[in-house]
Amino acid sequence: MSWKYVCNVSDLQPDSGVCALVDGQQIAIFYMVKGHTVYAIHNYDPLGKANVLSRGLIGDIKGEPVVASPLYKQHFNLKTGVCVEDGQVAVPAYPIRLNNGRVEIQVTAPCLSEGQDHEKASV
Amino acid sequence: MNKKQSLVVIGNGMVGQHFLSSLMASSAKEHYHITTFCEEPRAAYDRVHLSSFFSGKTAADLAMADESFFADNGITIHLGDKAESIDRTSKTVLSTKGVKVSYDALVLATGSYPFVPPVPGHDRKNCLVYRTIEDLEAIATAAQTSKVGVVVGGGLLGLEAAKALTDLGLETHVVEFAPRLMAVQLDDGGGAMLRRKVEELGLQIHTSKNTTQIIDGEQCANKMCFADGEELETDIVLFSAGIRPRDDIARACGLDVGPRGGIVIDNQCKTSDPNIYAIGECALWNGMIYGLVAPGYAMARTVATDLAGETASFTGADMSTKLKLMGVDVASIGDAHAKSQGALVYTYQNGASEIYKRLVVSQDKKQLLGAVLVGEVSGYGTLLQYCLNGIELPENPDSLILPHRSDESVGLGPDALPMSAQICSCYDVTKGAICQAIDQGCTSIGALKAETKASTGCGGCAALLKSVMDCELNKRGFEVNTDLCEHFPYTRQDLYNLVVVEQIKTFDDLLEKHGKGRGCDVCKPAIGSILASYWNEYVLSDKHLGLQDTNDTFLANMQKDGTYSVVPRVTGGEISPDMLIALGQVGKKYNLYTKITGGQRVDLFGARVDQLPHIWKELIDAGFESGHAYGKSLRTVKSCVGSTWCRYGIDDSVGLAIELENRYKGLRSPHKLKFAVSGCTRECAEAQGKDVGVIATENGWNLYVCGNGGMKPRHADLFATGLDKETLIKYIDRFLIFYVRTAGRLQRTSVWMENMEGGLDYLKAVVIDDKLAICAQLEDQMQYVIDTYQCEWLTTIQDESKLKRFRHFINSDQPDDNVVFVEERGQIRPADEDERKHFKLMEVA
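Quick note, the sequences are listed as chains A and B, same order.
Here UniProt numbering is used: the first residue of the first sequence is 1, the next is one more, and so on.
Here UniProt numbering is used: the first residue of the second sequence is 1, the next is one more, and so on.
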């Protein structure tokens, strides 16, 4: 799996999120200035059913980095994508890194689309 | 492997539902296929709080179980289908719609029906009963064309029904056969005090009245004639004269019933057929029908336990009650009428405060047998525990009902209760169970409720539960936590003071000095709001942006599909034709759904995030500014047309509304703020339902504060009268900043004032009399906010670097393909899930 360039650090929003389009997938990328950390999860909120997670407030709960969905405020762990309120619910999380001012990500496309199809089929 | 047996439950009311959920929690769940018949068109709902239907609750709010309960648990429910007959030979139940189900075990939870006295005319038009949501809808319909309503029956349910009629705006009478109200629960003294209090609230009470017939009225649709020759004209007659068990289906299949009705049951709630149980108000145990929900629940649990093969028995239930009738607190415990042999009675009556208390104690003054409390019921929990647990009374039992100074500790601390003491009677939760839950880590009321179900029924034990929890937490060395969140060990008010005293300007600075971790979606917006209220800086600047809640982040209101709605300010609701046309042009150009709001402005829906700056550029060019509909801040100042046009207007309400809105626009506050100004006391602007309401009178402006609409509407309180404009504005300045400084997070003005020690009087002392000598500061702070006002949208579109964020993708100009609209009534709306699937298919094809 290779690292894919997405954008530059200067394109990220300090202590907030942006959404990027990578291989046809909507990826929410969060940038915490303190610690110079980036996180990437899918942008689709499976509970609110809209592409909005990048617009949520970020922070930490019991030391774990989280984003609060802007729609109904459930929290998703930024490292694992698992919903804090309901462990059965999760969004895909992706490896992401800062490389000399460049934001790079690994998107596992086939796995994700399969997951999405499953969800759609069961709706 | 054993084949599953068939269990049929007839009736899905509160007790039937409690039975199902008790069964789901027990091991018996695995052994049965369950079918239930529900005659009503909807599954079980909360009949105890039925009157809240008229104060805004919907049928869905009152529902007892989640929609998915039946499906999740594999229970077949036949809604709107009544079980018609039981064939005990073939062990089958047949429904009205022809569904036939065989059973191994059958539970009858058919409930009761309202008793309607068979007086001539009882079936005339608008002679109604009060039991189901359908009944309530019929009452609401009848009320639309009625002025007067009479409730027949002055018991507990009758007074609830009377509250409903009052809420519907009717002149309301209560007609009671007995010589006092709530004859079962109260003695003469308590009944008289209750009567006095509800009469003050506008009810007209007629006791010792025997209705003989109902005939045509002259002023109203109906006339009630009484045995004493008196008459009463009314449009609606609402019968609430007691209940009768619904035992017809049991009778028809030959089960034993009581001489005055009711399906006879034993201690296991079994009827005369061992395969059939009966629970709730249809059941007759030991010659007694229980018309309260808690005993019905106890029967339900007994049957669930019995079906699980464990031993359980129902051996009667305590009929003590505590409730609020039309805002009047009433409680009755045990032997309220002192019928026990040798019982002694203490009474305390305070005419001025309208409090009545009565204690019934045993001859040796050691045991509490019963009590009546009207007007002040804070001692209910303690007294009930004395009564139920046989705890020995103090030497002077009257100390339990006499008023006492606050430094004296009277009553029974939760510590004195035995572990077996029942705290919640609806769900049979003991103090022991609560302690166990606390030991397992439940340290908040919410967690205890979820774990034990205590206080999730009638809610009457909430205060007792809280005191048991506080006491037990204290014993375990916990402190009661008022921290904002895990990142800040302070209240919102503390943090506001820290910002002011240390002149802190950023979240990071505050976090560094007084917090820990990285913050969260609780503390960030709360502190963002404090900083905005105090410093009034641009909320989307880099240092503040990450603190903003959903709507503030893009200065627009996020809708369910991730698109936004846009609301420009229309001060006082006054708008010129040209401005209206400009709004229309923008709506049309961007194909937005448009709707008029309750705050007299226009909401434009369906804007994508990348369209927002373009839309606002056009709106600002047309002369609009941000309406702050996205912020916890001043929203609108609604107005009626006032003296300029109205024949009745006393003063220029529109002019004042515009001035107030321009003065306070942009002020960030703990919760949203709404104002209104009415030009006369006809109050067309509904100012008394607002945080700040102003009404013109001949003598000047009257100021109302701390009202609100929404989920828990509250009528505003009259704060000052006959003010000139200068004084009015001064008071509002002080009021608002005092609120911003001292309120809790997301606390509305109403709750803020209600929680304030001293309440309205204290608030008046601070704002009018300057008791704290801070009014000059408050006014200065407000002046600073006014002087530093900016239209956040103007600032945003003028700064190229700020616009970069307003795109769906940081690296592409594509829009979000999940946003799909369809047309309805000539405008767009978000596609629903079915429509969405269709679109996806079309795209693929």
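Cβ atoms here follow ideal geometry from the backbone N, Cα and C, with glycine treated the same way.
Residue i and residue j closer than 7 Å at C-beta
i: A59(B); j: Q17(B); result: no
i: E233(B); j: Q213(B); result: no
i: A526(B); j: R569(B); result: no
i: G41(A); j: V91(A); result: Note that residue 41(A) is Ile in the sequence shown here, rather than Gly. The answer is yes: Cβ separation under 7 Å.
i: K197(B); j: V372(B); result: no
i: V9(B); j: T36(B); result: yes
i: F239(B); j: V129(B); result: yes
i: D23(A); j: V107(A); result: yes
i: A83(B); j: I279(B); result: no
i: E160(B); j: S6(B); result: no
i: D415(B); j: C471(B); result: yes
i: M193(B); j: G155(B); result: no
i: G191(B); j: R180(B); result: yes
The beta strand (DSSP E) enclosing residue i, as first and last residue numbers
i: N350(B); result: L344 to N350
i: residue 850(B); result: For chain B, the structure presents residues 1 to 845; residue 850(B) sits outside this window and is missing.
i: residue 848(B); result: This structure cannot speak to residue 848(B), because chain B is shown only from 1 to 845.
i: L168(B); result: Careful: L168(B) lies outside any beta strand (DSSP E) and carries neither H nor E.
i: Q213(B); result: T211 to D216
i: H544(B); result: Not the beta strand (DSSP E): H544(B) falls in the alpha helix (DSSP H), residues D542 to L545.
i: N222(B); result: N222 to F226
is_contact[residue i, chain A] using C-beta, thresh 7 Å
i: S801(B); result: no
i: E408(B); result: Residue confidence for E408(B) is low, a pLDDT of 41 falling below 50, so the modelled location carries little weight; the figure read from the coordinates is stated next. Not one chain A Cβ lies under 7 Å of E408(B).
i: N818(B); result: yes
i: T550(B); result: yes
i: N557(B); result: no
i: G562(B); result: yes
i: R518(B); result: yes
i: N811(B); result: yes
i: D483(B); result: no
i: G546(B); result: yes
i: D509(B); result: no
i: K524(B); result: yes
i: D832(B); result: no
i: D66(B); result: no
Expected contact under 8 Å - CB spacing of residue i and residue j to nearest Å
i: L656(B); j: V692(B); result: L656(B) to V692(B), Cβ: 12 Å. No contact.
i: Q74(A); j: L47(A); result: 5 Å
i: L201(B); j: M326(B); result: 5 Å
i: T172(B); j: G149(B); result: 5 Å
i: G370(B); j: A338(B); result: 7 Å
i: G546(B); j: D11(A); result: Incorrect: roughly 16 Å between the Cβ atoms, too far for contact.
i: F821(B); j: G606(B); result: 6 Å
Beta carbon proximity, residue i to chain B, threshold 7 Å
i: D86(A); result: no
i: L57(A); result: yes
i: S2(A); result: no
i: N8(A); result: no
i: I105(A); result: no
i: D15(A); result: yes
i: N100(A); result: no
i: H118(A); result: For H118(A), the predicted model reports a pLDDT of 37, less than 50, meaning its position is unreliable and no value from the coordinates is stated.
i: A40(A); result: no
i: N51(A); result: yes
Segment limits, alpha helix (DSSP H) that includes residue i
i: V654(B); result: S653 to Y664
i: D494(B); result: R492 to V501
i: Y386(B); result: Y380 to N389
i: C471(B); result: A462 to K475
i: P295(B); result: V293 to L307
i: K4(A); result: Counting along the chain, K4(A) falls outside any alpha helix (DSSP H), though it belongs to the beta strand (DSSP E) covering K4 to N8.
| request: Examine the Cβ distances between the stretch 57-75 of chain B and the stretch 17-30 of chain B and report whether three or more of them are shorter than 8 Å. | output: yes
| field | Segment contact, 8 Å Cβ cut-off, at least three pairs: the stretch 629-641 of chain B with the stretch 659-666 of chain B | value | yes
| Given 8 Å, three or more beta-carbon pairs between the stretch 531-542 of chain B and the stretch 505-514 of chain B | yes
| query | Would the stretch 803-814 of chain B and the stretch 747-767 of chain B be scored as touching if the rule is three or more Cβ pairs under 8 Å? | reply | no
| query | Any chance the stretch 779-798 of chain B sits against the stretch 599-607 of chain B, with 3 or more Cβ pairs inside 8 Å? | reply | no
| Quick one: any contact between the stretch 299-313 of chain B and the stretch 347-362 of chain B, if contact means 3 or more CB pairs under 8 Å? | no
| task | May I ask you to verify whether the stretch 225-232 of chain B touches the stretch 240-257 of chain B, counting CB pairs closer than 8 Å and requiring at least 3? | result | no
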